[in-house]
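Below is one structure, written out as structure tokens; the observations come after it.
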Amino acid sequence: MIRSQHSSSVLQQAINRTGWSLGLALIFAAAPSWSASDSDRQQMKSLDEQVQEIKSDVLGIAAELSQLEEKLLYPSGTQVAVFVALEHGDPLRLDAVRLSINGQPVAHYIYSFKELDALRAGGVQRLYVGNLPSGEHRLEVQVNGKQDGGQDYTRTQEFTFSKGIEPELVGLTISGGAPVTLGNW
Amino acid sequence: MDRATSLAGLALLTAFASGQAAGGELRDLHYGEAVFEAHQGRYFEALQRLDTELAQYHGLDEPSLDSLTPHLGSAEFSVGDFELNYRMHHRAGRAIQRVLEADVEDAVRNEAAYRLARIHFQKDQLEEALAALGRIRGDVPKAIRDDIEFLRANVYLAQGRAGAAVSALRDLPVGADLTGFAAYNLGIALLQDGQLAEAVEQLDEAGRIGSSDEATQGIRDKANLVLGSLLFELGQFDRAEQTLDRVRLEGPFSNQALLRAGWSEASVERFDRALVPWKLLLDRDQTDAAVQEALLAVPQAYASLDAHGRAALLFGQALESYGVQIERVDASIDSIRDGRFLEALVREEIRQSKDWVIRLRSLPESPETFYLMQLMASHDFQTALQNYLDLEDLRSKLLSWQSSFDAFEDVIRVRGEYYDPRLPEVDADFRELDARMRTRLEQRRHLATRLQGLLTAPQPELLATEEERVTSERLSALAAQLTNSGSPEALALLPRLARLQGVVTWQVRTQYHERLTAAHTHLAELVEHVDALAKQHHAFVRSRQAATHGYLGYDRQIEQLRKRVGTALARLDLVMGRQGHLIETVAVRELKGRRERLVSLQTQARYAVADSYDRAVGAQQIGQVQ
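Next up, the structure:
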């Protein structure tokens with residue numbers, strides 16, 4: 001590719017002379033594109049590799065820390081997590097989800113466009129994680145949003161789920177055209 | 186070659202993971218969570234989730250039963266994808282290599298090979314990039330077919346194999362995404378291959394592509410700018426001017442195009458026409474290099490038109506403007522040296538905006554970033570900046586974790602204070618209850634064994650009721666007494682006693698089967714109660730263990746993690762300091778370059794002012810004489 005050159009000296013000559021016979025260099029005078037020197041590039045490369053190592057190290061710490069956190073705060077015997085997913089291809093514009101467990105509000109989440117896009121792309125959100133004793137529990141879900149045509153959409157549903165000795169992962173699949181479905185994942 | 190352009194052309198991250206997830210029903214929540222995070226650009230969190238999930242999966246005894254199994258291929262692929270997006274090229278390369286070596290479908294392997302090639306290309310490992318592309322065979326996903334050939338052509342160009350690049354680009358079936366880029370790169374490849382006439386024709390074609398897409402319009406402008414410059418060099422000034430006229434006035438190449446269009450006119454001494462584009466430039470941002478040159482070119486054109494008075498005035502204005510700009514550049518250099526550039530870079534509110542580089546200018550005391558725009562747009566500098574920002578994010582995370590250790594220890598201490606005095610008492614009560622329970626369980630087991638024995642060797646007396654047993658024993662005792670007395674009256678009663686004993690025996694024997702059935706039924710009922718009791722027992726044992734696990738055994742792990750976080754922070758601070766210093770050094774060097782150029786322009790303007798005044802005065806005197 002053609003590289004730009006610096007040419008103030010050529011401009012000087014052009015100004016000092018009455019004529020305008022300019023070389024190609026002048027053409028590129030006003031378009032200085034920056035590129036790193038070999039020494040800078042070498043340093044950047046070395047730093048880039050060190051940054052990658054730090055990222056790897058911090059990811060390892062994060063994994064261990066999240067295990068510790070889970071063990072300490074949400075032991076498997078009492079852990080309950082509620083996940084939210086959107087039905088594949090559903091055009092519902094999800095605005096908010098409220099969760100109550102055994103009549104107690106535990107989560108109220110308002111979605112940004114970015115989060116909604118992530119749900120539409122197949123992402124699953126961990127909306128709530130907490131502790132519950134084993135046995136039967138009541139889960140109330142309230143969904144607010146807008147339908148494809150712009151109409152308001154509100155749906156409230158109740159479910160019961162049974163908490164055993166293992167962590168309970170409850171998945172809620174939301175759709176604008178069908179009831180919320182609950183599945184033990 | 187121009188890396189920025191080629192990389193822009195290659196920018197087609199197809200979000201494989203999401204595609205996989207969206208394509209079928211996602212049955213693994215944790216993989217779904219990783220996809221959710223990745224789609225919001227939170228690649229660290231996505232990797233954290235997916236790494237943990239995959240590590241757990243590979244540690245399972247029967248992984249085939251796990252919900253991740255149907256998604257394993259795409260999950261492994263996504264790791265590489267997320268790492269690539271998080272600029273961890275080493276790990277991404279290894280992850281993609283694993284996919285390549287695994288037993289996967291052609292489409293997945295080919296996508297992996299393409300991505301690996303792209304990583305090598307970005308790292309200037311051109312032979313390796315071609316080797317990775319060479320591994321593509323069989324079924325190639327339609328979405329990347331054109332991209333593969335486009336990448337191949339770019340690798341050839343970077344290797345200086347212009348002829349091969351020309352062939353690859355000519356064979357490329359032009360897709361909507363690559364239309365402008367492929368046409369432009371073909372023009373450049375022809376130019377590098379020495380096919381000047383074909384290059385001009387191709388760049389002309391690339392400069393006429395109709396599109397509403399911003400990126401395509403940008404590359405079209407660039408094609409026109411390069412072609413215009415080339416035609417100028419060839420002395421085809423009219424055609425050069427016409428070509429440069431096609432560059433959009435509001436596009437990023439507009440200033441350069443206007444400046445060069447003016448030079449094209451000036452080269453054939455049409456100074457009045459040269460003034461048209463140059464005067465447009467005078468109304469634009471004075472920090473732009475093209476505008477700064479136009480400040481000097483406009484009065485020179487007036488001088489050439491013998492309007493020396495006006496030229497002197499404009500040279501004076503240019504002189505003043507250069508002085509102001511030099512002061513701004515000096516202030517920017519000082520600002521960078523005081524660390525304000527790096528401070529501005531990490532401000533969260535700035536980074537939320539898509540145009541954060543431009544918004545930097547609005548911050549008080551931040552450097553004049555317009556001078557750094559070209560620097561900041563370059564691939565190498567972008568990588569350095571992104572690394573600095575990533576390090577800042579990691580630093581925030583590590584600092585937050587560091588403080589969370591104190592909270593964890595607090596939780597553990599509070600739990601210890603609660604459980605320590607209570608658990609010995611609870612344990613003592615439990616041991617007593619446990620002993621009683623075990624006795625009862627032993628009794629039940631004994632009973633069950635005896636009942637089982639009755640099925641094979643019936644013993645009706647064992648199922649006699651309490652009343653029957655007492656009655657039978659009394660009758661036997663009476664019979665013994667009567668026999669011992671030896672009186673005839675007593676002996677006469679013995680047959681009656683025997684009949685009564687017979688009634689009891691009859692009852693016990695005739696009801697034996699019913700009683701055996703009832704005994705089994707009662708035992709079964711007992712089993713239910715015992716099972717409920719066992720569940721309560723297990724629940725207690727679990728709760729008791731959970732109580733212990735809630736506060737014991739964490740000290741070492743927390744201490745180790747605390748040390749790791751501390752070490753990582755120290756290392757991060759060191760690397761961040763170096764990265765920041767490099768960014769500042771490069772930025773200051775860039776600004777110094779701009780300053781030198783401004784000083785040079787200022788010197789030229791200063792001479793030109795004096796010269797123009799002399800000529801204006803001279804012309805005036807000649808006029809007066811005449």
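Those protein sequence lines, which keep their order, are chains V and H. Quick note: the first sequence uses my numbering, first residue 1, plus one each step. Quick note: the second sequence uses my numbering, first residue 186, plus one each step. Note that beta-carbon positions come from the ideal geometry of N, C-alpha and C, so glycine has one too.
Look at Arg727 of chain H and Gly164 of chain V and say whether their C-beta atoms are less than 8 Å apart. no
By the DSSP assignment, the alpha helix (DSSP H) with Glu222 of chain H in it spans what residues? Leu214 to Ala223
Could you give the distance in angstroms between the alpha-carbon of Leu499 of chain H and the alpha-carbon of Glu418 of chain H? 29 Å
Is the closest heavy atom of the ligand NAP to the C-beta of Leu498 of chain H under 7 Å? The ligand NAP is not part of the structure shown, which contains no ligands of any sort.
Which residues, taken in chain order from the stretch 99 to 123 of chain V, show a beta carbon closer than 9 Å to some beta carbon of chain H? Ser112, Lys114, Glu115, Asp117, Ala118, Leu119, Arg120, Ala121, Gly122 and Gly123
Tell me which same chain residues have a C-beta within less than 7 Å of the C-beta of Thr401 of chain H, skipping the five on either side of it? Taken in chain order, the residues that qualify are Thr364, Gly365 and Ile394.
Does the stretch 446 to 459 of chain H come close enough to the stretch 416 to 434 of chain H to have 3 or more Cβ pairs within less than 8 Å? yes
Spatial distance of Leu560 of chain H from Ala772 of chain H (CA atoms): 8 Å
What are the residues in the stretch 77 to 89 of chain V lying within 9 Å of chain H by C-beta distance? Cβ contacts with chain H: Gly77, Thr78, Ala81, Phe83, Ala85, His88 and Gly89.
Sequence-distant residues of the same chain with beta carbon closer than 8 Å to Asp396 of chain H, five excluded per side: Note that residue 396 of chain H corresponds to Ser in the displayed sequence, not to Asp. Answer for Ser396 of chain H: Thr364, Gly365, Gln402 and Arg405, listed in chain order.
Environment of Trp138 of chain H [buried if 16+ CB atoms lie within 10 Å]: Because chain H is modelled from 186 through 811, residue 138 of chain H falls outside the range shown and cannot be assessed.
So, Val84 of chain V versus Leu172 of chain V, is the Cβ gap smaller than 8 Å? yes
Which residue marks the beginning of the beta strand (DSSP E) containing Val712 of chain H, and which one marks its end? Counting along the chain, Val712 of chain H falls outside any beta strand (DSSP E), though it belongs to the alpha helix (DSSP H) covering Tyr697 to His734.
For Ala207 of chain H and chain V, any beta-carbon pair shorter than 8 Å? Bear in mind that the predicted position of Ala207 of chain H carries a pLDDT of just 38, short of 50, making it too unreliable to give a figure here.
Own chain, CB closer than 6 Å to Asn409 of chain H, minus 5 neighbours either side, in chain order: Gly392, Thr428, Arg431 and Val432
Compare the Cα-Cα distances from Gln497 of chain H to each of H:Tyr228, H:Phe593 and H:Leu481 and report the closest residue. Here the sequence assigns Ala to residue 497 of chain H, which means Gln is not the residue at that position. Comparing Cα-Cα distances from Ala497 of chain H to each of H:Tyr228, H:Phe593 and H:Leu481, the minimum goes to H:Leu481.
Assess contact between the stretch 707 to 719 of chain H and the stretch 575 to 595 of chain H, defined as three or more Cβ pairs (one per stretch) separated by less than 8 Å. Is contact present? Result no; under three Cβ-Cβ pairs closer than 8 Å.
Can you say whether Gly278 of chain H is buried or exposed, counting buried as having 16 or more other CB atoms within 10 angstroms of its CB? buried
Comparing C-alpha positions only, which one of V:Ser39, V:Glu168 and V:Ala62 sits nearest to Gly135 of chain V? V:Glu168
For the 8 Å Cβ check, are there 3 or more pairs between the stretch 606 to 620 of chain H and the stretch 747 to 765 of chain H? no
Starting from Ser439 of chain H and walking both ways along the alpha helix (DSSP H), at which residues does that stretch end? Ser439 to Ser452
Quick one: does Ala62 of chain V have its CB under 8 Å from some CB of chain H? Closer than 8 Å to some Cβ of chain H, the Cβ of Ala62 of chain V qualifies, so yes.
Under 7 Å by beta carbon: chain V residues contacting Arg749 of chain H: Ile61
For Ser781 of chain H, tell me which candidate among H:Ile333, H:Gln477 and H:Tyr341 has the shortest Cα-Cα distance. Per the sequence presented here, residue 781 of chain H reads as Glu, with Ser not at that position. For the residues H:Ile333, H:Gln477 and H:Tyr341, the minimum Cα distance to Glu781 of chain H belongs to H:Gln477.
Hey, out of V:Glu69, V:Gln125, V:Lys146 and V:His137, whose CA is closest to Pro91 of chain V's CA? V:Lys146
Can you tell me whether DSSP reads Ser672 of chain H as helix, strand or coil? coil
Cβ contact check for the stretch 259 to 279 of chain H and the stretch 224 to 238 of chain H: 3 or more pairs under 8 Å: yes
Since Asp246 of chain H meets chain V, which of its residues come closer than 9 Å, beta carbon to beta carbon? The contacting residues do not exist; Asp246 of chain H stays about 16 Å from chain V at best.
Kindly identify the DSSP beta-bridge partner or partners of Gly130 of chain V. V:Val80
Are Ile304 of chain H and Leu342 of chain H close, meaning C-beta to C-beta below 8 Å? no
Nonlocal neighbours in the same chain, by C-beta distance under 7 Å from Arg791 of chain H, ignoring five residues either side: Leu504
In whole angstroms, what is the alpha-carbon distance linking Thr706 of chain H and Arg700 of chain H? 10 Å
The alpha helix (DSSP H) that contains Ile394 of chain H, what's its start and end? Element bounds for Ile394 of chain H: n/a, residue is neither H nor E.
Considering Asp95 of chain V, what are the terminal residues of the beta strand (DSSP E) in which it resides? Going by DSSP, Asp95 of chain V is part of the beta strand (DSSP E) stretching over Arg93 to Ile101.
Assign Gly123 of chain V to one of two classes, buried (16 or more other C-beta atoms within 10 Å of its C-beta) or exposed (fewer than that). buried
What is the rounded straight-line gap between the Cα of Ala96 of chain V and the Cα of Gln387 of chain H? Straight-line Cα distance between these residues: approximately 53 Å.
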